[in-house]
Amino acid sequence: MAEKSELQYTAEHEWVLVDGNVATIGITDFAAGKLGDIVFVDLPKVGSSVAEGKIVGEIESTKSVGELFAPVSGTVVEANDAVSNSPELVNSDPFGEGWLVKIEFSELPSMLSLDEYTALTGE
Amino acid sequence: MTDVSNSEASSADSSPAAVRYSPLHSIHEQLGAAFTDFAGWMMPVRYSSDLAEHHAVRTAAGIFDISHMAEIHVRGAEAGAFLDFALAGKLSGIALAQAKYSLLLNEAGGIIDDLVTYRLADDHFLVVANAGNRFAAAAALLERAEGFDVAVTDDSDEYALIAVQGPVSRAILEVTAGLTGFATPLDELKYYRETAAIFNGTDLIIGRTGYTGEDGFELYIHVDAAAPLWAALTVAGEPLGLVPAGLACRDTLRLEAGMPLYGHELNLNTFPVQAGLGRVVALSKEGDFVGRAAIEEGPDAGARVLVGLAAEGRRAGRADYLLFSGDTEVGVITSGALSPTLGHPIAMAYVDPAVSEIGTELHIDVRGSRIAASVVSLPFYKREA
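Here is the structure:
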């Protein structure tokens, strides 16, 4: 699990961990808390190409449905099968075992720092 | 990540714009609750986990704050006759201390609200309405009272309402410190009956009623005594598995139990018979009642009817999702969720009569993909007797 200060964030409540040219993506604890108990996660297939800002998956809780947006353009190199089988990992460990996809990118857009994201959520 | 569909039930809001807070609000804050706006009230949506709270109610007990509900007293020599005219059921026929589920109809046969009425005395009833319909229900009752020897008073602001629901509810109430003076001992109190009781000197009404499909109680008490009562129930209940439970699990619990929610399954444009509530309308009672003529005429032939749906997998159809038979749109979901108890998606939906038979195979349009679903009987879940 990465330190929250090492991550970058989007206004859509995703976090992004950059390692070389691969971005690991999940949703924040704030987003997971707002959704409630997550019971279904639909992730993009490995090998599919995704475009920044486009919907690539869904996260459903007992009460509501959230859409997962790609924070970067690139190719999905890994999807977290563990969360597909145990969606509750997104609640219990959103920044760790509850990660969602890894995207190989060539260009990284500008994203939010932890301070900027925290200001956005007001928490 | 963006929330695209939030089915947290917000019924038609007829209350003023100012946000209302429950008399128990500070307790919920101390418990770390997340809040939601429900009919203009900031109410706890969950304390820890919707699923954990749901399972606690099915296996042990949950304590709910539903103080947003509306309490309307009807007193007078003609109270029973008045309610027979004002509501769809025959309220004059219920026994002392009995409760009855009923409907408040308009002249066109549409549903203004669904409510529970308790008979507190021969000439005294307590009508409990939904928060979002408080003013509509109170206004309709007041208007209909004209010509009857009856007094209708909306005392909602005086009351807090705490529900304790789940199989160990009775055991909790029986060991709650300060809760005494039961007119009827709880082990003799039948379902859909009420008893007077006293909590540390304050009178309260305890109904063996609820909205979860489990055994349970609803405690009506003055707002000033609500916080100590919540605390006493919690202290008594924690060793038995009682947890604070929010509106999110209340919604999945009532859905599993096949209970309608106003604003979802019921509204001004729905006839009771469409909602499977034909039995609630006492057409055999003597005299006129508001909505009778329209009800006797009935809805248009082909009017959609409420059904249960079950699907496989984990993707749930939700309110407003459309239903298809082949390429033909045949209905719309009014409430839906992945059932925490059953482990598969369930929904209530209005469908064309032609596809309402149990076992009919339909498809739900879940945000562009088709999910197979079957028409099943309601309720989805029934507790063991």
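These protein sequence lines are chains R and Z, in that order. Number 1184 in the numbering used here belongs to position 36 of the first sequence; there are no gaps in the numbering. Number 620 in the numbering used here belongs to position 361 of the second sequence; there are no gaps in the numbering. Don't be surprised by glycine CBs; every beta carbon is placed ideally from N, CA and C.
Pair within 8 Å by beta-carbon distance, residue i and residue j
{"i": "Z:H327", "j": "Z:T412", "result": "no"}
{"i": "Z:A553", "j": "Z:G321", "result": "no"}
{"i": "Z:Y451", "j": "Z:Q357", "result": "yes"}
{"i": "Z:I353", "j": "Z:L362", "result": "no"}
{"i": "Z:A298", "j": "Z:V387", "result": "no"}
{"i": "Z:F458", "j": "Z:L488", "result": "yes"}
{"i": "Z:T471", "j": "Z:R513", "result": "yes"}
{"i": "R:L1248", "j": "R:G1201", "result": "no"}
{"i": "Z:A315", "j": "Z:V502", "result": "yes"}
{"i": "Z:H313", "j": "Z:T511", "result": "yes"}
{"i": "Z:G537", "j": "Z:P531", "result": "yes"}
{"i": "R:S1240", "j": "R:G1246", "result": "yes"}
{"i": "R:G1184", "j": "Z:D324", "result": "no"}
{"i": "R:T1210", "j": "R:V1187", "result": "yes"}
{"i": "Z:F548", "j": "Z:D382", "result": "no"}
{"i": "Z:E337", "j": "Z:F384", "result": "no"}
{"i": "Z:R574", "j": "Z:I617", "result": "no"}
{"i": "Z:V539", "j": "Z:Y280", "result": "no"}
Buried/exposed call for residue i, threshold 16 Cβ in 10 Å
{"i": "R:V1194", "result": "exposed"}
{"i": "R:E1264", "result": "exposed"}
{"i": "Z:L355", "result": "exposed"}
{"i": "Z:A436", "result": "exposed"}
{"i": "Z:A268", "result": "Because Z:A268 sits at a pLDDT of 40, beneath the cut-off of 50, its placement in the model cannot be relied upon, and the point is left open."}
{"i": "R:V1220", "result": "buried"}
{"i": "Z:Q424", "result": "buried"}
{"i": "Z:G546", "result": "exposed"}
{"i": "Z:L438", "result": "buried"}
{"i": "Z:H603", "result": "exposed"}
{"i": "Z:E524", "result": "buried"}
{"i": "Z:N392", "result": "buried"}
{"i": "Z:G585", "result": "exposed"}
{"i": "R:N1169", "result": "exposed"}
{"i": "R:P1257", "result": "exposed"}
Closer than 8 Å to chain R by CB, residue i
{"i": "Z:A596", "result": "yes"}
{"i": "Z:R317", "result": "no"}
{"i": "Z:L525", "result": "no"}
{"i": "Z:S308", "result": "yes"}
{"i": "Z:T439", "result": "no"}
{"i": "Z:T511", "result": "yes"}
{"i": "Z:R629", "result": "no"}
{"i": "Z:P487", "result": "no"}
{"i": "Z:V503", "result": "The residue you asked about is not Val; residue 503 of chain Z is Pro in the sequence shown. Closer than 8 Å: no."}
{"i": "Z:A507", "result": "yes"}
{"i": "Z:P638", "result": "no"}
{"i": "Z:R574", "result": "yes"}
{"i": "Z:S270", "result": "Any reading at Z:S270 must be qualified, since the residue scores a pLDDT of 42, below 50, and its modelled position is unreliable; no value is offered."}
{"i": "Z:R452", "result": "no"}
Residue-level contact to chain Z via CB, residue i, 8 Å cutoff
{"i": "R:T1210", "result": "yes"}
{"i": "R:D1185", "result": "yes"}
{"i": "R:F1243", "result": "no"}
{"i": "R:V1220", "result": "no"}
{"i": "R:G1238", "result": "The identity of residue 1238 of chain R in the sequence shown is Val, whereas the question assumes Gly. Closer than 8 Å: no."}
{"i": "R:V1213", "result": "yes"}
{"i": "R:F1253", "result": "no"}
Reference residue i, options the options, closest by Cα
{"i": "Z:E453", "options": "Z:G466, Z:G550, Z:D624 and Z:E433", "result": "Z:G466"}
{"i": "Z:V304", "options": "Z:R509, Z:R429 and Z:L520", "result": "Z:R509"}
{"i": "Z:F441", "options": "Z:P426, Z:D462 and Z:A422", "result": "Z:D462"}
{"i": "Z:R563", "options": "Z:T493, Z:G590, Z:L342 and Z:I325", "result": "Z:G590"}
{"i": "R:K1250", "options": "R:L1165, R:A1159, R:F1178 and R:G1181", "result": "R:L1165"}
{"i": "R:Y1157", "options": "R:F1217, R:G1205, R:G1181 and R:V1213", "result": "R:F1217"}
{"i": "Z:A495", "options": "Z:M518, Z:Y306 and Z:V427", "result": "Z:V427"}
{"i": "Z:L374", "options": "Z:S615, Z:M518 and Z:S307", "result": "Z:M518"}
{"i": "R:E1160", "options": "R:E1154, R:K1152 and R:F1178", "result": "R:F1178"}
{"i": "Z:A608", "options": "Z:A396, Z:S636 and Z:P599", "result": "Z:S636"}
{"i": "R:S1153", "options": "R:L1260, R:S1197, R:A1227 and R:A1171", "result": "R:L1260"}
{"i": "Z:G291", "options": "Z:A277, Z:M301 and Z:Y306", "result": "Z:Y306"}
{"i": "Z:I286", "options": "Z:A486, Z:L400 and Z:A390", "result": "Z:A486"}
{"i": "Z:V409", "options": "Z:I592, Z:A569 and Z:G335", "result": "Z:G335"}
{"i": "Z:L621", "options": "Z:G576, Z:A345 and Z:P599", "result": "Z:G576"}
First through last residue of the alpha helix (DSSP H) which encompasses residue i
{"i": "Z:P487", "result": "A485 to G496"}
{"i": "R:T1269", "result": "L1262 to T1269"}
{"i": "Z:D309", "result": "D309 to T318"}
{"i": "Z:F394", "result": "R393 to R403"}
{"i": "Z:A553", "result": "R551 to E556"}
Bounding residues of the beta strand (DSSP E) (the contiguous stretch that carries residue i)
{"i": "R:I1186", "result": "I1186 to D1190"}
{"i": "R:L1183", "result": "R:L1183 -> not in any beta strand (DSSP E); alpha helix (DSSP H) instead, spanning D1177 to L1183."}
{"i": "Z:I465", "result": "T461 to G466"}
{"i": "R:V1273", "result": "Nothing about residue 1273 of chain R can be read from this structure; chain R reaches only from 1149 to 1271."}
{"i": "Z:F441", "result": "Run containing Z:F441: none; DSSP gives neither H nor E here."}
{"i": "Z:G567", "result": "V564 to A570"}
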